[in-house]
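In our numbering, the protein residues as written are 628 to 739.
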């Protein structure tokens, strides 16, 4: 093998290792959102959205679960459009902004 080919292969190997170490955050140029200061994303399913909404309504009205773990929540607060608004407001207070909804009803939020 010619020395020029060997030098090129060595350079490619070194660049590959440096790139791998940078991806793991060993160097400041890592692709991690924590080191790069980029936005954070969160994907929430419809079931999780309902759960967050029910918890927010329960906190709002001061409802406590009974022995069976059930709560009596006011009907006008848990109607789908009211619950969605409450859920989005609760997530917005935590710093999450709705970015989009996928065709299979996954909610995508962005922070930062």
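C-beta: ideal position from N, C-alpha, C; glycine also.
State the start and end residues of the unbroken alpha helix (DSSP H) segment that holds residue i.
i           : result
residue 670 : Run containing residue 670: none in the alpha helix (DSSP H); it sits in the beta strand (DSSP E), 667-671.
residue 690 : From DSSP, residue 690 is part of no alpha helix (DSSP H); its letter is neither H nor E.
residue 643 : 630-650
Hey, could you find the ends of the beta strand (DSSP E) residue i is sitting in?
i           : result
residue 724 : 724-728
residue 737 : 734-738
Short check: CB of residue i to CB of residue j, under 9 angstroms?
i           : j           : result
residue 738 : residue 666 : yes
residue 710 : residue 684 : yes
residue 670 : residue 733 : yes
residue 713 : residue 675 : no
Taking all protein chains shown into account, do 16 or more other C-beta atoms lie within 10 angstroms of the C-beta of residue i, making it buried, or fewer, making it exposed?
i           : result
residue 636 : exposed
Going along the chain, which residues of its own chain have a beta-carbon closer than 8 angstroms to the beta-carbon of residue i, five neighbours each way excluded?
i           : result
residue 736 : 668, 669, 670, 671, 718, 723, 724, 725, 726
For residue i, which residues from the same chain have a beta carbon less than 7 angstroms from its beta carbon, with the 5 sequence-adjacent residues on both sides left out?
i           : result
residue 673 : 732
> Should the region 670-683 be called in touch with the region 632-641, which here means at least 3 C-beta pairs below 8 angstroms?
Replying inline: no
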